[in-house]
Every structure is written in C-alpha cells, then in structure tokens.
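Residue numbers (this note's numbering): 4 to 362. Only one structure is covered here, and it is reproduced in the block below.
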Ligand code: SF4
C-alpha cells in the first residue's frame with residue numbers, strides 16, 4: 004500500500020477535525036435527521052436553499068405532517084403545496100418539488116432515483132442537492148457544494164473570485180471532492196454545512212472556535228472579511244406598484260391570481276395598479292367592481308434578486324352589491340379567516356396582517 008501524500012493527509016485531517024467538532028457541537032436533532040428517508044431529506048434540502056434552519060423547521064414539520072410521502076405530494080393540488088410553502092419564499096421551489104414528485108411516480112417507480120445523475124435531473128435538484136440527499140439518506144460518498152460549503156472552502160483554501168464563475172466553481176468542487184471522506188459521509192455532510200451556518204458565517208465568523216483554523220488560509224492571511232468574493236455589483240432597478248386592498252360590505256378581501264409565469268406565479272395576490280393611476284378605475288375596468296378610495300398607506304420596499312419593488316398599499320371600499328364571480332375565475336372575494344390557508348406572497352401576507360392589526 005502506498006503512503007498517503009501530504010495533500011491526502013491534509014484532506015483527511017480536515018475531515019477528521021470536522022467530524023470531531025461535529026460530535027461535540029453539530030446539530031443532531033433536526034426534524035429531518037430523526038427519520039432520514041430520502042423524501043424527508045429531499046424536502047428539507049430544498050427548503051434549506053437560501054433559508055435558515057430555524058425558519059425551515061416549522062415549515063418542514065407542517066409539510067411532512069400534511070404530505071408524509073412522495074406519493075401524497077405527487078397527488079396534492081398545487082394550491083395545497085403552495086399554501087404549505089406560503090411565507091417561505093422562492094415559490095418555484097414548491098412548484099419544482101411537486102413536478103419532481105409527479106415525475107418520480109411516472110418514471111421512477113414512485114421513488115426518488117438512486118443514481119446521482121437521475122436525481123440531479125429532477126426539477127429543482129442540482130448536483131449539490133442530489134449529493135446531499137444520497138449522502139444523508141443512503142450514506143453514499145458524494146461531495147456537496149451549497150452556499151455554506153462554498154463559503155467555508157473559499158476561505159479555507161483562499162480561493163479568489165466570485166463563486167458563480169465556472170472557473171471558481173470548478174476549483175471549489177475539486178476541494179469539496181477531495182475533502183469528502185469515505186466513511187461517516189452523512190455526518191461529514193451535516194458537519195460542513197453546520198460549520199458554515201454556525202461558525203464560518205457570512206459576517207463575523209467565529210474563527211477562534213473553528214476546528215480547522217490552524218490550516219485556514221483566510222484566517223492566516225487576514226482575508227476572512229474579503230472571502231468569498233461577492234458577485235460583481237450591478238445596479239438593481241426599483242419598480243413601483245400600488246397594491247389594492249379592496250374590502251366589501253362583508254369584510255371580504257378581493258384577491259387575484261397571478262399569471263402562470265413570472266414573479267409569484269399562480270399565487271393569490273392583491274390586485275395592483277400603476278402607482279400613480281386611479282385605483283378605482285383599474286378595478287372598474289378589470290373586474291367591473293366599483294370602489295371608493297379610502298386611504299393610502301406608507302410605501303415599503305420588497306427586495307427581489309433582480310429588482311426592488313416599491314409597494315404603495317391603497318385601501319378601497321367596494322360600493323357593492325357585488326355580482327357573483329364564477330368558480331375558477333382569476334379573481335375572487337375571500338373571508339379573512341380563509342387567507343391563512345392560501346398561498347400568498349410573503350409581503351402581501353405581511354401587509355394584510357398589518358392592516359388587520361390597525362383595524
Ligand atoms: S478559520 Fe474562520 S474563516 Fe477559516 S474556515 Fe474556520 S471559521 Fe471559516
């Protein structure tokens with residue numbers, strides 16, 4: 004047997020230091036760790052994309068309580084899935100888990116594929132998420148490279164450049180592959196994600212407590228604040244809209260369904276009008292609803308990845324009586340109690356809750 008090279012020894016030391024740290028400090032009682040089925044690991048991994056663990060826990064528990072198996076999910080309506088996701092944001096993730104579940108029923112015998120390529124080909128599951136599912140649900144050796152791991156490895160190895168660039172990605176994947184051990188891979192996967200989430204955090208990382216600080220290049224060279232390098236800046240445009248909270252004589256609120264593509268696709272939301280336009284005219288022309296403008300509230304800004312949306316809430320009272328709206332129409336009146344069970348965009352839900360508190 005040939006002796007390990009210095010690089011191999013370094014990689015093994017990284018993994019063993021991380022596993023020893025995980026044994027003392029890692030998170031071992033998260034709901035998706037208790038019963039590590041591929042389905043539960045998958046749902047948790049998708050929810051954890053761009054979202055912190057403490058936010059995900061409640062959503063995850065409600066989701067798997069309501070839809071405990073992949074088959075339950077595949078047969079659920081989109082509205083039900085969106086309602087369970089409501090408030091978690093990035094709703095394309097919810098649509099993708101539904102599409103992926105249906106594909107598993109149609110093409111993979113009702114199970115998530117066991118091979119990494121088949122799994123990574125499903126909607127919303129890339130290479131890293133597929134690897135995390137196989138590592139955590141089946142203990143298979145696969146490297147992961149989610150946002151937390153990218154940050155840890157960019158700092159540990161002093162990797163320059165924005166990690167969205169293919170050349171930088173390639174370097175980070177090579178490091179990720181080399182460090183992944185052949186044993187305890189599920190624990191290692193959780194450990195490196197935990198390190199990124201708890202110590203090697205975006206701002207103010209706790210390097211003094213880090214199990215791999217003795218070999219970390221960013222720590223040694225004073226580059227912790229500079230790495231990973233951010234996406235090159237570009238101006239984010241701001242758009243403006245008015246959201247119309249239209250209340251009828253019974254206290255019901257008018258909602259309209261968003262178009263099937265674009266932001267908040269197919270979610271129920273408030274009708275909107277041009278920020279400077281007469282809101283009553285928009286309602287009358289779109290829906291034949293006559294309403295009186297009661298009040299305009301202070302505008303607030305909601306940040307999307309590619310632009311900021313400046314939202315001016317306007318309260319209107321319908322002049323009623325309201326004509327019946329056909330089932331299946333793209334707008335409807337909803338009692339306040341029914342709003343909880345709808346998939347609403349997070350800022351719309353917050354706005355309605357704030358207005359409710361002011362009533
Ligand atoms: S020493 Fe600091 S920068 Fe380096 S891996 Fe640890 S926490 Fe991250």
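Every residue, glycine too, gets a C-beta built ideally from N, C-alpha and C.
So for residue i, helix, strand or coil by DSSP?
{"i": "residue 169", "result": "helix"}
{"i": "residue 334", "result": "strand"}
{"i": "residue 296", "result": "strand"}
{"i": "residue 245", "result": "strand"}
{"i": "residue 319", "result": "strand"}
{"i": "residue 250", "result": "strand"}
{"i": "residue 35", "result": "helix"}
{"i": "residue 143", "result": "coil"}
{"i": "residue 229", "result": "coil"}
{"i": "residue 24", "result": "helix"}
{"i": "residue 64", "result": "helix"}
{"i": "residue 131", "result": "helix"}
{"i": "residue 276", "result": "strand"}
{"i": "residue 83", "result": "helix"}
{"i": "residue 115", "result": "coil"}
{"i": "residue 201", "result": "helix"}
{"i": "residue 4", "result": "With a pLDDT of only 45 at residue 4, under the threshold of 50, the placement of this residue in the model should not be trusted; the figure read from the coordinates follows. Coil at residue 4, not helix or strand."}
{"i": "residue 124", "result": "coil"}
{"i": "residue 210", "result": "helix"}
{"i": "residue 345", "result": "coil"}
{"i": "residue 93", "result": "coil"}
{"i": "residue 351", "result": "helix"}
{"i": "residue 186", "result": "coil"}
{"i": "residue 40", "result": "coil"}
{"i": "residue 30", "result": "coil"}
{"i": "residue 107", "result": "helix"}
{"i": "residue 59", "result": "helix"}
{"i": "residue 161", "result": "coil"}
{"i": "residue 234", "result": "coil"}
{"i": "residue 329", "result": "coil"}
{"i": "residue 150", "result": "helix"}
{"i": "residue 175", "result": "helix"}
{"i": "residue 71", "result": "coil"}
{"i": "residue 224", "result": "helix"}
According to DSSP, what are the bridge partners of residue i?
{"i": "residue 308", "result": "Residue 308 is not bridged to any residue."}
{"i": "residue 256", "result": "250 and 337"}
{"i": "residue 314", "result": "244 and 303"}
{"i": "residue 271", "result": "260"}
Please check the pair residue i and residue j, which I expect to be a contact at CB under 8 Å, by giving their CB distance rounded to whole angstroms.
{"i": "residue 136", "j": "residue 44", "result": "5 Å"}
{"i": "residue 294", "j": "residue 249", "result": "5 Å"}
{"i": "residue 319", "j": "residue 283", "result": "7 Å"}
{"i": "residue 241", "j": "residue 278", "result": "The Cβ separation is near 11 Å, so there is no contact."}
{"i": "residue 343", "j": "residue 359", "result": "Not quite, the Cβ-Cβ distance comes to about 11 Å (not below 8 Å), so this is no contact."}
{"i": "residue 246", "j": "residue 354", "result": "7 Å"}
{"i": "residue 51", "j": "residue 66", "result": "About 13 Å; that fails the 8 Å criterion."}
{"i": "residue 290", "j": "residue 253", "result": "Not really, about 17 Å apart at Cβ, beyond 8 Å."}
{"i": "residue 85", "j": "residue 94", "result": "6 Å"}
{"i": "residue 144", "j": "residue 112", "result": "Actually they are not in contact, since the Cβ atoms of residue 144 and residue 112 sit about 25 Å apart, beyond 8 Å."}
{"i": "residue 261", "j": "residue 273", "result": "With 8 Å as the limit, residue 261 and residue 273 do not qualify as a contact, their Cβ atoms being about 10 Å apart."}
{"i": "residue 167", "j": "residue 234", "result": "6 Å"}
(request) Anything with a beta carbon under 5 Å from a heavy atom of the ligand SF4 counts; list them all in chain order. (result) Any residue whose Cβ sits closer than 5 Å to a heavy atom of the ligand SF4 makes the list: 158, 159, 202, 203, 208, 210, 213, 216, 219, 221, 222 and 227.
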